[in-house]
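K.L.:
Heads up, the sequence shown is in our numbering, so the first residue is 462 and it goes up one at a time. Just so you know, even glycine gets a beta-carbon here, dropped at the ideal spot from N, CA and C. Just so we're clear, the structure is a prediction, and the values are computed from it rather than from any experiment. I have a structure here, written as structure tokens, and I will follow up with some questions on it.
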Amino acid sequence: MVEELVAVGLTLGSVGAVYAMAAARVIKQYERGVVLRLGKLQSSVRGPGFTMIVPLVDRLHRVNMQIVTMPVPAQDGITRDNVTVRVDAVIYFKVMDAAEAVVEVEDYRFAVSQMAQTSLRSIIGKSNLDDLLSNREKLNQGLELMIDSPAIGWGVQIDRVEIKDVSLPETMKRSMARQAEADRERRARVINADAELQASKKLAEAAHEMSEEPAALQLRLLQTVVAVAAEKNSTLVLPFPVELLRFLERAQQGAQPQQQSRGNHAEPGKLPDSGAGDAEAGELGPAAGSRSGQD
Numbered sequence: 462m463v464e465e466l467v468a469v470g471l472t473l474g475s476v477g478a479v480y481a482m483a484a485a486r487v488i489k490q491y492e493r494g495v496v497l498r499l500g501k502l503q504s505s506v507r508g509p510g511f512t513m514i515v516p517l518v519d520r521l522h523r524v525n526m527q528i529v530t531m532p533v534p535a536q537d538g539i540t541r542d543n544v545t546v547r548v549d550a551v552i553y554f555k556v557m558d559a560a561e562a563v564v565e566v567e568d569y570r571f572a573v574s575q576m577a578q579t580s581l582r583s584i585i586g587k588s589n590l591d592d593l594l595s596n597r598e599k600l601n602q603g604l605e606l607m608i609d610s611p612a613i614g615w616g617v618q619i620d621r622v623e624i625k626d627v628s629l630p631e632t633m634k635r636s637m638a639r640q641a642e643a644d645r646e647r648r649a650r651v652i653n654a655d656a657e658l659q660a661s662k663k664l665a666e667a668a669h670e671m672s673e674e675p676a677a678l679q680l681r682l683l684q685t686v687v688a689v690a691a692e693k694n695s696t697l698v699l700p701f702p703v704e705l706l707r708f709l710e711r712a713q714q715g716a717q718p719q720q721q722s723r724g725n726h727a728e729p730g731k732l733p734d735s736g737a738g739d740a741e742a743g744e745l746g747p748a749a750g751s752r753s754g755q756d
């Protein structure tokens, strides 16, 4: 009798242990447990820690509440300005309501992925190429709104959407490179022209100052000679300014009227030295002839 009671006790203990092992569940800190009892959703969502369910009656679904990083496969599309591009993105989302994520949608991860791909193709068709390349922040916000609208009913919240890369055809890349090169060349020419204009104004001011003092041009020439000679060159090429020639010409023209005025102010009865010499020779000529006749 005692042995039978011991056997029954051991059997009940074994059954209880098996039942406890089958009913025991551990939910992690970042998870929530959704229990379906005979296919019906239980109102309470199990929190993290140890919990018990009814074996063969309850079914526990663990839902991850962490932020999920999901890459969106690259999508081919045509922009509004008829350019073929290939765009890929990444989406960050998390589950806000574990019960809705289990009941309202079959697989919320797959649903979010498909919605992201569809929204990305739609954004490509509505945008210009310049917006895809330079105005991505606005496109990210529009893409986030497009995905977040249906995801709210699934108990999922879209945290952030980022466009990672925009791939262009090689012909378009070459065209954009030529355009950028032409634009840079245009800006360089404008800058050079502006520099030339400013330099010409300064040179005009310097020329005006030097015209008032002609010696300043000679000093500037000497400074140029010093600067060139400082490099210890064996050959020195020295430009001779035309203004200096004009200065010397003006100085010579000013000296000639002074000489003419001095010749006009000479004595009226005084003959030039050459005339006086001829007169003396005439006086001496006949005397010399008479003396030769006498001889």
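Within 10 angstroms of its Cβ, does residue 588 collect 16 or more other Cβ (buried), or is it exposed?
P.N.:
One-based indexing of the sequence shown puts residue 588 at position 127. With 16 or more Cβ atoms within 10 Å of its Cβ, residue 588 is classed as buried.
K.L.:
Is there contact here, the segment 501-518 with the segment 535-549, by at least three beta-carbon pairs under 8 Å?
P.N.:
With the cut-off at 8 Å, the segment 501-518 and the segment 535-549 do not touch.
K.L.:
How long is the line joining the alpha carbons of residue 622 and residue 631, rounded to whole angstroms?
P.N.:
Mapped onto the sequence shown, residue 622 falls at position 161. Mapped onto the sequence shown, residue 631 falls at position 170. Near 27 Å, if we compare the C-alpha coordinates of residue 631 and residue 622.
K.L.:
Could you check which residue in 517, 526, 483 has the C-alpha nearest to that of residue 491?
P.N.:
Position 30 of the sequence shown, counted from the start, is the residue given in the question as residue 491. If we check each option's Cα against that of residue 491, 526 comes out closest.
K.L.:
Can you tell which of 507, 533, 641, 659 has the C-alpha that lies nearest to the C-alpha of residue 521?
P.N.:
Position 60 of the sequence shown, counting from 1, holds the residue named residue 521. The candidate whose alpha carbon is nearest that of residue 521 is 507.
K.L.:
Residue 620 lies in the beta strand (DSSP E); which residues open and close that run?
P.N.:
In the sequence shown, residue 620 corresponds to position 159, counting from 1. Counting along the chain, the beta strand (DSSP E) containing residue 620 begins and ends at 617-628.
K.L.:
Could you please give me the residues that DSSP links to residue 554 through a beta bridge?
P.N.:
If you number the sequence shown from 1, residue 554 lands on position 93. In DSSP, residue 554 forms a bridge with 529, 619.
K.L.:
How many angstroms separate the CA atom of residue 662 from the CA atom of residue 685?
P.N.:
In the sequence shown, the residue the question calls residue 662 occupies position 201. In the sequence shown, the residue the question calls residue 685 occupies position 224. One C-alpha to the other measures close to 21 Å.
K.L.:
Any idea which residues DSSP pairs residue 545 with across the strands?
P.N.:
In the sequence shown, residue 545 corresponds to position 84, counting from 1. DSSP, once it has assigned bridges, lists 539 as partnering residue 545.
K.L.:
Run through DSSP, which three-state label would residue 691 get?
P.N.:
Looking up residue 691 in the sequence shown gives position 230. Note: residue 691 maps to coil in three-state DSSP.
K.L.:
For the 8 Å Cβ check, are there 3 or more pairs between the segment 554-566 and the segment 600-615?
P.N.:
Verdict: yes, contact present.
K.L.:
Does DSSP classify residue 470 as helix, strand or coil?
P.N.:
Translated into the one-based positions of the sequence shown, residue 470 becomes position 9. Helix at residue 470.
K.L.:
On the three-state DSSP scale, how would you describe residue 696?
P.N.:
By one-based count along the sequence shown, residue 696 stands at place 235. The answer is coil: DSSP assigns residue 696 none of H, G, I, E or B.
K.L.:
Could you give the distance in angstroms between the alpha-carbon of residue 484 and the alpha-carbon of residue 510?
P.N.:
For the purposes of this step, residue 484 is taken as the residue at position 23 of the sequence shown. For the purposes of this step, residue 510 is taken as the residue at position 49 of the sequence shown. Spanning the two alpha carbons is a distance of roughly 14 Å.
K.L.:
Quick check: what's the CA-CA separation for residue 649 versus residue 689?
P.N.:
Position 188 of the sequence shown, counted from the start, is the residue given in the question as residue 649. Position 228 of the sequence shown, counted from the start, is the residue given in the question as residue 689. Taking the straight line joining both Cα atoms gives about 30 Å.
K.L.:
Look at the alpha carbon of residue 523 and the alpha carbon of residue 482, and state the distance between them as a whole number of angstroms.
P.N.:
Start at 1 with the first residue of the sequence shown, and residue 523 comes out as number 62. Start at 1 with the first residue of the sequence shown, and residue 482 comes out as number 21. Their Cα atoms are separated by approximately 18 Å.
K.L.:
Taking the CB atoms as reference points, tell me whether residue 531 and residue 574 lie closer together than 9 Å.
P.N.:
The residue given as residue 531 occupies position 70 in the sequence shown. The residue given as residue 574 occupies position 113 in the sequence shown. Cβ distance < 9 Å, so residue 531 and residue 574 count as in contact.
K.L.:
Thinking C-beta only, is residue 550 closer than 9 Å to residue 495?
P.N.:
Along the sequence shown, one-based indexing puts residue 495 at 34. Along the sequence shown, one-based indexing puts residue 550 at 89. Contact: no.
K.L.:
Could you give the C-beta distance for residue 557 and residue 611, rounded to a whole number, given that I count them as a contact under 8 Å?
P.N.:
Reading the sequence shown from its first residue, position 96 is the one you call residue 557. Reading the sequence shown from its first residue, position 150 is the one you call residue 611. That pair is no contact at about 14 Å.
K.L.:
Taking a contact to mean a Cβ-Cβ separation below 9 Å, would you say residue 536 touches residue 602 in this structure?
P.N.:
Taking the first residue of the sequence shown as 1, we reach residue 536 at position 75. Taking the first residue of the sequence shown as 1, we reach residue 602 at position 141. Against a cut-off of 9 Å, the Cβ pair of residue 602 and residue 536 comes out as no contact.
K.L.:
Just the C-alpha distance for residue 470 and residue 516, rounded to the nearest angstrom, thanks.
P.N.:
By 1-based counting over the sequence shown, the position of residue 470 is 9. By 1-based counting over the sequence shown, the position of residue 516 is 55. Cα to Cα, residue 470 sits roughly 22 Å from residue 516.
K.L.:
Counting along the chain, where does the alpha helix (DSSP H) carrying residue 652 start and finish?
P.N.:
Walking along the sequence shown from the start, residue 652 turns up at place 191. 631-673 is the extent of the alpha helix (DSSP H) around residue 652.
K.L.:
Which value, in whole angstroms, describes the spacing of the CA atoms of residue 717 and residue 681?
P.N.:
In the sequence shown, the residue the question calls residue 717 occupies position 256. In the sequence shown, the residue the question calls residue 681 occupies position 220. Using only the alpha carbons, I get a separation of about 29 Å.
K.L.:
Return helix, strand or coil for residue 489, following the three-state DSSP convention.
P.N.:
In the sequence shown, counting from the first residue as 1, residue 489 sits at position 28. Residue 489 falls in the coil class under three-state DSSP.
K.L.:
On the DSSP bridge list, what partners appear for residue 571?
P.N.:
By one-based count along the sequence shown, residue 571 stands at place 110. Its beta-bridge partners do not exist; DSSP assigns none.
K.L.:
Who are the near neighbours of residue 581 in its chain, counting only those whose CB is closer than 7 Å to its CB and skipping five residues on each side?
P.N.:
Taking the first residue of the sequence shown as 1, we reach residue 581 at position 120. The answer, listed in chain order, is 533, 536, 548, 550, 604.
K.L.:
DSSP puts residue 519 in a beta bridge; with which residues?
P.N.:
If you number the sequence shown from 1, residue 519 lands on position 58. 498.
K.L.:
So what's residue 534 in DSSP terms, helix, strand or just coil?
P.N.:
As a first step, residue 534 must be located in the sequence shown, where it is residue number 73. Reduced to three states, the DSSP call for residue 534 is strand.
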